[in-house]
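In what follows, a structure is listed as structure tokens, so that the remarks can point back to it.
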Amino acid sequence: MSWYVLQCRPGREGEITASLKNHLSGEALEEAFFFQSERLWRVNGSWERQTKELFPGYVFLQSSSPEKLSAELEEYRGIVRVMEEPGYLISVYPEEETYLRKLCGKNHFLALSYGYKDRESGYSKITRGPLAGMERQVASFDWHRRFAKLELTLGKRKAVVWAGLEIDEAVKAS
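Letter 22 of the sequence shown, counting from 1, is numbered 47 in our numbering, and no numbers are missing.
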């Protein structure tokens, strides 16, 4: 079984996912999902947790039968862009799938990571959360806006992912 990618209009991921689950056969489609992330946004002077799409405009499909999946997706070609090369769907590479599973788990949800920026060394340290121990894979940290920028490839395309950060008050206080 492999993951495949569909492109749709951003904001319609939930609607497209539900429709695919209702209209495609179990033989063609094992699971349809989209990734979300937890982020902090400044609203009226305070930080609020919000859930956002991790890959806006992308829906992921899990299937063991890409030929059948491609055939059954024909009716959706007007509303989604089936990312495929002539004759086959573009799959998410196994190493990309493993990385996304590690980050987001089986619920396809990237939770907040907690950490701090060491004032002496200048390095960022993640103390808990999905990015713990993965600091070297983070392209940049923005502690002021509470984001970590991750750059990864997804089905032969570069993608920038913004992961939510929270300052670990327990470490900051010590």
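We put the CB at the ideal spot given by N, CA and C, even for glycine.
Reference residue i, options the options, closest by Cα
{"i": "Q75", "options": "S50, E120, L135 and G39", "result": "L135"}
{"i": "D193", "options": "S116, T42 and W168", "result": "W168"}
{"i": "L101", "options": "K127, K174 and T42", "result": "Per the sequence shown, residue 101 should be read as Tyr rather than Leu. Nearest option by C-alpha distance: T42."}
{"i": "L179", "options": "R37, A53, V84 and G36", "result": "V84"}
{"i": "M159", "options": "K174, E145, E99 and S146", "result": "K174"}
{"i": "G70", "options": "E122, N47, R170 and Q162", "result": "R170"}
{"i": "L79", "options": "L49, L128 and L54", "result": "L128"}
{"i": "P119", "options": "Q87, Y141, R161 and G82", "result": "Q87"}
{"i": "E56", "options": "R64, K181, S89 and K77", "result": "S89"}
Per-residue burial, residue i [other beta carbons within 10 Å of its own, 16 or more giving buried]
{"i": "R34", "result": "exposed"}
{"i": "A157", "result": "exposed"}
{"i": "Y148", "result": "exposed"}
{"i": "E40", "result": "exposed"}
{"i": "A195", "result": "exposed"}
{"i": "P155", "result": "buried"}
{"i": "G130", "result": "exposed"}
{"i": "R126", "result": "exposed"}
{"i": "S62", "result": "buried"}
{"i": "G189", "result": "buried"}
Range of the contiguous beta strand (DSSP E) that encloses residue i
{"i": "A136", "result": "Careful: A136 lies outside any beta strand (DSSP E) and carries neither H nor E."}
{"i": "E99", "result": "Counting along the chain, E99 falls outside any beta strand (DSSP E), and DSSP gives it neither H nor E."}
{"i": "L175", "result": "F172 to L179"}
{"i": "Y83", "result": "Y83 to S88"}
{"i": "R187", "result": "With the sequence shown as reference, residue 187 is identified as Trp, and Arg is not the correct amino acid for it. Per DSSP, W187 belongs to the beta strand (DSSP E) from R182 to I192."}
{"i": "M151", "result": "This sequence places Ile at residue 151; Met is not what is there. First-last of the beta strand (DSSP E) with I151: S149 to R153."}
{"i": "F166", "result": "S165 to D167"}
Residues of its chain near residue i, where Cβ-Cβ distance is below 6 angstroms and the 5 sequence neighbours each way are ignored
{"i": "E191", "result": "L137 and Y139"}
{"i": "E73", "result": "W66"}
{"i": "L114", "result": "Y29, P91 and S95"}
{"i": "A184", "result": "L177"}
{"i": "E153", "result": "Inspection of the sequence shows that residue 153 is occupied by Arg rather than by Glu. If we look at R153 and ignore the five residues flanking it on each side, its Cβ neighbours are Y139."}
{"i": "Q27", "result": "This sequence places Ser at residue 27; Gln is not what is there. Taken in chain order, the residues that qualify are S116."}
{"i": "A164", "result": "K174 and E176"}
{"i": "H133", "result": "F58 and F60"}
{"i": "F166", "result": "S149 and A173"}
Span of the alpha helix (DSSP H) around residue i
{"i": "L125", "result": "P119 to C129"}
Sequence-distant residues of the same chain with beta carbon closer than 8 angstroms to residue i, five excluded per side
{"i": "K93", "result": "S50, E52 and A53"}
{"i": "Y124", "result": "L177"}
For a minimum of 4 consecutive residues, which ranges assigned as the alpha helix (DSSP H) are wholly contained in the segment 34-74?
38-48
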